[in-house]
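Peer 1: Heads up: the sequence shown is residues 17 to 294, going by my numbering.
Heads up, the beta-carbon is just placed ideally off N, CA and C, and yes, glycines get one too.
What follows is a structure written as structure tokens; I'll ask about it next.
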Amino acid sequence: MNAQAGIKNASQEASLPQDENQRLSWLMRSIEGNRFLPAPDPENVFVGDGDYRAIGAEYLGHFVRIGGLRPSDRVLDIGCGIGRMAVPLTQYLDPMSGRYEGVDPVKEGITWCTQNITPVYPHFRFCQIDLAHELYNPGGSLAGQDVVLPFADASFDFIAMVSVATHLPPKEIDAYAREAARLLAPGGRLFMTAFLVLPEDLERAGARPKFTAGKDEGTWYGDPSAPLGAIGFDPLIVDGAVEKAGLETLSIGLGHWRGTESTHYQDIVVAGRPGKAA
Ligand SMILES: C[S@@+](CC[C@H](N)C(=O)[O-])C[C@H]1O[C@@H](n2cnc3c(N)ncnc32)[C@H](O)[C@@H]1O
């Protein structure tokens, strides 16, 4: 699908039957208000500002409404950080048929998840992968562009990358698109957030971050002194990586980072592995 043709606005997103939609809204509210769910000390949350539980609950809604997540899915969370997406998923994924694997280069995040989530929810597992990243894991021993994750081909139905592509150089977007194509079962979906920078976004007064041209063609930096603090891409770079890997772009939802209305801040790209789910 051509990236521009696939861009949707927020009003096109909700496609759940009304009763399922209501149940999901109730679940999201109850997660947001549940003080008994595992939560790290706020000073240890290295994945961004904002309310840890509320952001996780919000994304559960996007996974289901925009990404088509189902309770029986086998989920891979790439760049799982300190479990912000995993915690709400514990309340949604079926412990018998569903499962969750989270990977991240930051050891402290994986240690917290392993100690606080897995003991209560054994179908949730976490694994540190020592990928180098100039901000998150400067001493890492593995190059992100060569990444091969320790999972079998076609072993997942849903792959999440939330606020991860917004910190990766273009070569790593290619590498993860390839890995997603390998790891997804037929009919599986990649749900990836990104900053997709359109020419008109550069003119918008309300856009945050304010992007300036990056070093590689089609890249945009929120802060040139820390390029991977917030990196944006020409939509064709992301769409090209996904399609080159053999996935099909199913939808692109524009986020409100650019100052326009939306249900989500970052842009959301959903891509599918062609074929029918088993
Ligand atoms: C802004 S945080 C988002 C974390 C999590 N997805 C969330 O939304 O809570 C970005 C995450 O990407 C991870 N990361 C950095 N480089 C990575 C790489 N090459 N592969 C996978 N994850 C990476 C960081 O360690 C960090 O946990």
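(1) Can you tell me the Cα-Cα spacing of residue 50 and residue 70, whole angstroms?
(2) Is it true that the region 160-174 meets the region 125-136, where meeting means three or more beta-carbon pairs spaced less than 8 Å apart?
(3) Taking the straight line between their C-alpha atoms, what separation do you get for residue 78 and residue 178?
(4) Would residue 65 be called buried (16 or more neighbouring beta carbons within 10 Å of its own) or exposed?
(5) So residue 41 is in the alpha helix (DSSP H); what residue range does that whole segment cover?
(6) For residue 106, count the other beta carbons within 10 Å of its own beta carbon; 16 or more makes it buried, fewer makes it exposed. Which is it?
(7) Could you tell me whether the region 214-234 touches the region 269-276, using the rule of 3 or more Cβ pairs below 8 Å?
(8) Across the region 112-130 and the region 95-102, are there enough close Cβ pairs to call them in contact, namely three or more that are closer than 8 Å?
(9) Residue 133: beta carbon under 7 Å from a heavy atom of ligand 1?
(10) Give a single yes or no on whether residue 272 has its beta carbon closer than 7 Å to a heavy atom of ligand 1.
(11) Apart from the five residues just before and just after residue 188, which ones in its own chain have a Cβ nearer than 6 Å to its Cβ?
(12) Rank 281, 186, 115 by C-alpha distance to the C-alpha of residue 236 and give the top, closest one.
(13) What do you reckon, are the CB atoms on residue 147 and residue 156 nearer than 8 Å?
(14) Please report the distance separating the alpha-carbon of residue 225 from that of residue 242.
Peer 2: Straight from the coordinates:
(1) Cα to Cα, residue 50 sits roughly 10 Å from residue 70.
(2) Here the region 160-174 does not lie against the region 125-136, with fewer than 3 beta-carbon pairs under 8 Å apart.
(3) Their backbone Cα atoms lie some 11 Å apart in a straight line.
(4) Looking at its Cβ environment, which holds fewer than 16 other Cβ atoms inside 10 Å, residue 65 is exposed.
(5) Taken as a continuous stretch (DSSP letters only), the alpha helix (DSSP H) holding residue 41 covers 34-48.
(6) Residue 106 should be labelled buried.
(7) Yes, they touch.
(8) In short, these stretches touch, since the Cβ pair count reaches three.
(9) Residue 133: no, Cβ never under 7 Å from ligand 1.
(10) Between ligand 1 and residue 272, a heavy atom-to-CB distance of less than 7 Å is absent.
(11) Only 160, 161 meet the Cβ criterion.
(12) The candidate whose alpha carbon is nearest that of residue 236 is 186.
(13) Contact: yes.
(14) Just so you know, the alpha carbons of residue 225 and residue 242 end up roughly 13 Å apart.
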